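Okay, so the sequence shown: first residue is 5 according to my numbering, each after it adds one.
Glycine residues also receive a C-beta, built at the ideal position from the N, C-alpha and C atoms.
All of these numbers come straight from a predicted model, not from anything done at the bench.
First the structure, in the form of structure tokens, and then the observations on it.
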Amino acid sequence: MTTHTLFVCKSCSAVLSHEEADERAEGNQLLLKLLEVQKNDSIYSTLNIQSVGCLWTCVKKYSCAVSFVCPQKYTYHFVDLTEDCITDLLQFSQLYQASQDGYVLPGKLPGKLRSHLLVRVPPTPDIR
């Protein structure tokens, strides 16, 4: 089975410096809410949600960053997220997992996610 992972930057914060980031950071709060929704709704059980110390997006002043990754699929990096984006992120996870190559048409991005998409990276070519 292919593993689809949602990396959530736990140190993202619009008010705390990177050095001060702790459990109060908005990124950590987003992570906890995503895990809570996932725990209470089995439709999202196939998504591997993991925290990551830093995605380095804060240097561009974007808070709350996440990345959807999966081998042989496009990677999506969303920024400037709030807890209001949780439903959209989880709906996107369903589209992403259902897509053979991870490509989701921009018009299919749920809610306001299109305005939060920083970059879509193509899959690494299979070179042998």
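Between the Cα of residue i and those of the options, spot the shortest distance and give me the residue it belongs to.
i      : options                         : result
Leu51  : Gln76, Pro110 and Leu39         : Leu39
Gln54  : Lys37, Ser67 and Ser46          : Lys37
Gly106 : Ala29, Leu94, Phe72 and Leu85   : Phe72
Leu10  : His120, Cys74 and Asp92         : Cys74
Thr86  : Leu113, Leu99, Gln98 and His120 : His120
Thr6   : Ser103, Asp84, Thr91 and Lys14  : Ser103
Gln76  : Lys14, Cys13, Asp130 and Ser15  : Asp130
Ser46  : Val125, Gln98 and Val108        : Gln98
Gln101 : Val83, Tyr48 and Thr61          : Tyr48
Do you know offhand how far residue i's Cα is from residue j's?
i      : j      : result
Pro110 : Gln95  : 14 Å
Glu30  : Gln42  : 18 Å
Val56  : Tyr80  : 15 Å
Leu117 : Asp92  : 7 Å
Asn44  : Val125 : 31 Å
Asp88  : Cys13  : 16 Å
Lys112 : Val123 : 16 Å
Val83  : Trp60  : 11 Å
What are the boundary residues of the beta strand (DSSP E) that includes residue i?
i      : result
Thr91  : First-last for Thr91: Ile90 to Ala102, but that is the alpha helix (DSSP H), not the beta strand (DSSP E).
Leu122 : Leu121 to Val125
Val12  : His8 to Cys13
Gln54  : Leu51 to Val56
Val73  : Val70 to Val73
Tyr80  : Thr79 to Phe82
In the DSSP assignment, find the alpha helix (DSSP H) that holds residue i and state where it starts and stops.
i      : result
Leu113 : First-last for Leu113: undefined, no H or E at that position.
Val41  : Glu30 to Asn44
Below 8 Å on the Cβ atoms is my contact criterion, and I expect residue i with residue j to pass it. Report the Cβ-Cβ distance as a whole number of Å.
i     : j      : result
Leu34 : Cys58  : At roughly 14 Å, the Cβ-Cβ gap does not stay under 8 Å, so Leu34 and Cys58 are not in contact.
Tyr78 : Pro127 : 6 Å
For the ligand ATP, I want to know if residue i counts as a neighbour, meaning its beta carbon is within less than 7 Å of at least one of the ligand's heavy atoms.
i      : result
Lys112 : The ligand ATP is absent from the structure shown, which contains no ligands of any kind.
Is the Cβ of residue i closer than 8 Å to any Cβ of chain C?
i      : result
Leu113 : Absent here is chain C; the protein component of the structure consists of one chain.
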